[in-house]
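Structure record follows, encoded as structure tokens.
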Amino acid sequence: MTAKRRANLERLLRPRHVAVIGGRDAEVVATECARIGFSGPFWPVNPKRPRIGGHRCYAAVDDLPEAPDAVFLAVPRDAAIATLAKLDAMGAGGVVCYTAGFGETGGEGAEAEARLISAAGDLALVGPNCYGIINYIDRVALWPFAHGGTCPGYGAAIITQSGMLSSDFTISQRSVPFAYMVSAGNQTILRIEDFITALCQRDEVRVLGLHIEGLKDVAAFERAALLALELGKPIVALKTGTSRLGSSLTVSHTGSLSGAAELYDALFDRLGIISVSSPAQLLETVKLLAVAGAPRGKRIAGFTCSGGGATMLADRAERLALAFPEPTAAVGERLRQILPATATVSNPLDYTTPIWGIPEKTRPVFDALLTDRYDAAVIVQDYPAAGLDESKSYYRNDTIAFVAATKSVAVPAAVCSTLPENLDGETRQFLVETGVAPMQGIGECMTAIAQGAWHQQRRAEILAHRPPSLCPGPKEGRVLRLLDEASAKSRLAAAGIHVPLGEVATAVEAPKVAARIGFPVAVKMVSAKLPHKTEAGAVALGLATAEAVAAAIEQMVISVERYDRSVLTDAFLVERMAPPPVAELMVSVRIDPQFGPAMTLASGGILVELLADATTLLLPATRADFERALARLRLDRLIGGYRGRPAGDRQTLLDTLEALAALALNESETIAEIELNPLFVGSTGTLAVDVLMHVR
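Heads up, the sequence shown is in the working numbering, so the first residue is 1 and it goes up one at a time.
Here it is, written out as structure tokens:
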């Protein structure tokens with residue numbers, strides 16, 4: 001981004017004056033700016049109307065009293081392009097281009113988008129095909145629809161690629177404090193990472209929430225996310241377009257490539273970004289982080305006035321690896337003195353109905369348990385619906401006592417309803433004002449707490465050992481070819497990766513080669529046209545004699561000829577059989593044109609797809625990153641020595657992963673994909689038994 005465009009983006013995000021260009025949509029923007037409380041100069045441009053929203057209309061852009069900081073543009077496509085050129089020439093700051101029909105439609109639209117980029121010059125252009133920006137801090141709504149949302153002087157900056165989803169967020173009944181709402185649309189000029197960079201540096205922004213359909217510059221996104229991480233501004237991301245249908249809809253919707261879900265998961269983990277799977281979880285998580293802050297760890301204090309509520313908290317915590325530690329002996333004794341006789345000292349604590357709603361009795365209970373210094377505190381409170389107010393004061397009394405108790409020990413706290421609708425607006429607003437998060441739904445609340453704790457830990461790890469920058473891969477379009485297995489293993493061996501002792505031989509030579517290598521042996525037909533040898537009958541294992549080798553090759557030729565005569569060769573890889581391993585891994589590296597090299601680790605062998613035990617990380621990566629990736633696999637328990645079995649050679653395995661990563665990074669221009677399946681992990685050493693390698 002040029003320095004001038006960066007300055008123009010600052011003008012757009014903190015405008016002194018606003019211009020709107022268009023008709024009905026401009027009228028809505030005028031109404032919304034007035035409703036949110038914008039008090040600066042407001043200049044409508046429309047040659048056919050005398051006034052818009054009570055403001056005098058100017059006939060043309062050239063008639064404006066000065067170059068506006070922010071513009072909302074809603075005119076037909078060709079007129080929009082011409083108007084952008086005029087705005088750039090006069091020195092305007094930024095423009096929200098509501099107009100659609102550009103790159104998202106392909107063909108003629110893509111050509112129009114190229115003209116739009118040229119016309120925009122140094123303008124900070126949002127869109128096209130977007131709703132725009134609501135700036136709750138400075139009270140500016142460059143937005144074509146009625147909007148909701150409140151701001152207590154701080155909040156979350158939400159950046160989405162979907163206009164309607166961003167609008168839905170503003171009208172949600174969840175009391176999320178918003179600082180900004182940005183609908184980025186096609187991201188033709190300004191992209192998600194540009195907004196992250198600008199908004200994370202604003203003090204009023206405490207957390208950023210993202211809805212991502214696709215990224216256009218992963219390296220730029222990485223830089224922006226790391227800046228937010230350094231500044232202590234958590235990012236919560238909802239990635240959509242992960243299904244096959246969703247991915248195709250993403251392309252037609254905003255012209256963005258969706259990208260494989262596992263690559264985004266790896267990117268988010270690498271950058272300490274909290275990943276969520278639903279809009280509700282996105283809002284609840286940013287609400288917790290904006291209002292209460294992220295928990296310092298996973299030790300939680302829980303309060304309910306119901307045994308069922310305590311059980312639900314405990315169940316959810318176990319699934320999320322959160323802990324409700326039992327009270328210490330001293331605290332337990334204090335609780336027994338002040339709780340009703342029917343109550344059981346525990347955590348989560350059901351303080352029971354005899355003291356419900358009596359703050360002089362509940363406050364000491366809250367204070368006592370919180371003496372043990374937890375990382376976060378939560379109380380379950382389901383307020384009655386309107387018209388059922390008899391018990392509301394009881395809930396409010398306990399809420400006030402809980403707020404006071406948590407504030408006295410400065411612990412991040414949440415009041416959580418069992419069901420989302422059971423926390424009324426008045427109570428939510430009260431809690432936001434006190435700095436306690438009003439969380440709607442036990443599942444969403446506990447998940448947000450767990451994710452906040454994860455972010456704190458991951459942030460510390462990243463800041464202590466900042467990951468090396470990502471290396472985007474070469475552009476697609478070059479023809480790929482498969483190396484035969486012998487050639488591929490030769491490249492692995494040169495990179496320091498152990499492969500079985502072996503030699504390529506003809507059918508006549510193979511028995512003698514096998515005897516020299518040492519029985520038992522494996523024999524495989526060598527052909528770049530045989531990626532899956534088992535299906536073709538091109539593999540024979542455990543051959544113990546020269547005669548067995550000769551017979552196996554004879555049968556192999558028959559099987560392959562029946563499978564596909566065109567792949568027949570008189571070249572056979574004879575290898576010494578490897579001893580049974582502790583574990584079998586599948587390790588693959590593929591060079592993605594957008595994300596660069598990415599490594600996938602999975603339970604290996606023939607069950608790799610059935611077990612679905614896999615994790616992906618982006619390269620380059622540190623040894624600690626590889627260790628973390630292995631720990632995410634269920635197979636890691638086997639490598640560690642499961643139920644008295646021998647442990648695998650973890651350090652040599654890590655050496656192998658580092659060597660494979662280095663090979664892929666050093667030769668990313670020529671190597672497109674490497675798959676080791678299986679990679680044997682023995683009690684001493686590793687062995688790449690089978691390999692597929694695609695090169696450009």
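Heads up, the beta-carbon is just placed ideally off N, CA and C, and yes, glycines get one too. Computed from a predicted model, the values in this text were never measured in an experiment.
Straight-line Cα distance separating Ser183 from Thr254: Reliability of the predicted coordinates at Thr254 is poor, the pLDDT of 38 falling under 50, and the value obtained from them is presented with this limitation in mind. Approximately 12 angstroms, taken between the alpha carbons.
Start and end residues, beta strand (DSSP E) containing Tyr180: That run of the beta strand (DSSP E) goes 178-183.
Closest by C-alpha distance to Asp25, when choosing among Asp424, Pro76, Gly214: Residue Pro76 is the option with its Cα nearest to Asp25.
Top-ranked residue by Cα proximity to Val504, from Ser393, Ile517, Ala495: Of the candidates Ser393, Ile517, Ala495, the one whose C-alpha sits nearest the C-alpha of Val504 is Ile517.
Under 8 angstroms between C-beta atoms of Pro420 and Gln440: It is a contact, given that the beta carbons lie within the stated cut-off.
Neighbour-count burial assignment, Pro581, 16 or more Cβ in a 10 Å radius: Looking at its Cβ environment, which holds 16 or more other Cβ atoms inside 10 Å, Pro581 is buried.
According to DSSP, residues forming a beta bridge with Glu673: Note: Glu673 sits in a beta bridge opposite Arg590, His694.
For Asp350, the three-state DSSP class (helix, strand or coil): Residue state for Asp350 is assigned as strand, using DSSP reduced to three classes.
Spatial neighbours of Leu687 in its chain, beta-carbon cut-off 8 angstroms, leaving aside the 5 residues before and after: Here the set comprises His498, Val499, Pro500, Ala578, Pro581, Leu679, Phe680.
Proximity below 8 angstroms, CB of Ser175 to CB of Arg396: Contact flag unset, no.
Element boundaries [beta strand (DSSP E), containing Pro44]: For Pro44, the uninterrupted beta strand (DSSP E) run begins and ends at 42-45, by DSSP.
Whole-Å CB distance - Ala266 paired with Thr616, under 8 angstroms assumed: Between Ala266 and Thr616 a beta carbon distance of about 4 angstroms is seen, short of the 8 angstroms cut, so the two are scored as contacting.
Segment limits, alpha helix (DSSP H) that includes Phe303: Bounds of any alpha helix (DSSP H) do not take in Phe303; it lies within the beta strand (DSSP E) bounded by 300-304.
Segment contact, 8 angstroms Cβ cut-off, at least three pairs: the segment 282-295 with the segment 401-420: When Cβ pairs closer than 8 angstroms are counted between the two stretches, the segment 282-295 is seen to touch the segment 401-420, the count reaching three or more.
Cβ pair Leu483, Ala437 closer than 8 angstroms: The beta carbons of Leu483 and Ala437 sit no closer together than 8 angstroms.
Environment of Gln201 [buried if 16+ CB atoms lie within 10 Å]: Gln201 counts as exposed, since fewer than 16 other beta carbons sit within 10 angstroms of its beta carbon.
Buried versus exposed call for Lys48 [16 or more other C-beta atoms within 10 Å across all chains shown]: Result: exposed.
Own chain, CB closer than 6 angstroms to Leu313, minus 5 neighbours either side, in chain order: Result list for Leu313: Gly302, Pro348, in chain order.
Option nearest Glu561 by Cα separation, candidates Met525, Leu227, Asp592, Thr545: Of the candidates Met525, Leu227, Asp592, Thr545, the residue whose Cα lies closest to the Cα of Glu561 is Met525.
Three-state secondary structure (DSSP) of Ser248: Because the pLDDT of Ser248 is 48, which lies under 50, any placement of that residue in the model is unreliable, and the question is left without a value.
Val18, DSSP secondary structure in three states: In the structure shown, Val18 sits in a strand (DSSP, three-state: E or B).
Ser683 versus Arg645 - alpha carbon distance: Near 10 angstroms, if we compare the C-alpha coordinates of Arg645 and Ser683.
Within the segment 471-508, ranges of the beta strand (DSSP E) (whole runs, at least 3 residues): Those beta strand (DSSP E) runs which fall completely within the segment 471-508 and span 3+ residues are 502-505.
From Arg643, Gly641, Met586, Glu444, residue whose alpha carbon lies closest to that of Asp690: Comparing alpha-carbon positions, the option among Arg643, Gly641, Met586, Glu444 lying closest to Asp690 turns out to be Met586.
For Gly101 and Asn186, believed in contact at Cβ under 8 angstroms, the rounded distance: That pair is no contact at about 10 angstroms.
Any non-hydrogen atom of the ligand COA within 7 angstroms of Gly604 CB: In the structure on display, the ligand COA does not appear, and there are no ligands present to speak of.
Candidates Leu12, Ala550, Glu535, Pro531: closest to Ala522 by CA position: Minimum Cα distance to Ala522 is reached at Ala550.
One or two residues paired with Leu601 in a DSSP bridge: Paired residues: Val587, Thr615.
Backbone CA spacing between Thr311 and Phe145 [nearest angstrom]: Computed Cα separation, rounded: 43 angstroms.
Distance between Val286 and Ile158 (C-alpha atoms, nearest Å): Those two C-alpha atoms are separated by around 9 angstroms.
Beta carbon of Val18 nearer than 8 angstroms to that of Pro68: Yes. Within cutoff.
Helix, strand or coil at Cys445 according to DSSP, with G and I counted as helix: Correct three-state label for Cys445: helix.
Distance, Ile300 Cα to Asp375 Cα: In this structure, the straight-line span from the alpha carbon of Asp375 to that of Ile300 is close to 6 angstroms.
As assigned by DSSP and simplified to three states, the class of Gly452: Secondary structure of Gly452 (DSSP, three-state): helix.
At least three beta-carbon pairs within less than 8 angstroms, the segment 52-59 to the segment 3-10: Contact fails between the segment 52-59 and the segment 3-10, because fewer than three Cβ pairs, one in each stretch, are under 8 angstroms apart.
Residue burial classification, Ile192 (beta-carbon count within 10 angstroms, cutoff 16): Buried, because 16 or more other Cβ atoms sit within 10 Å of the Cβ of Ile192.
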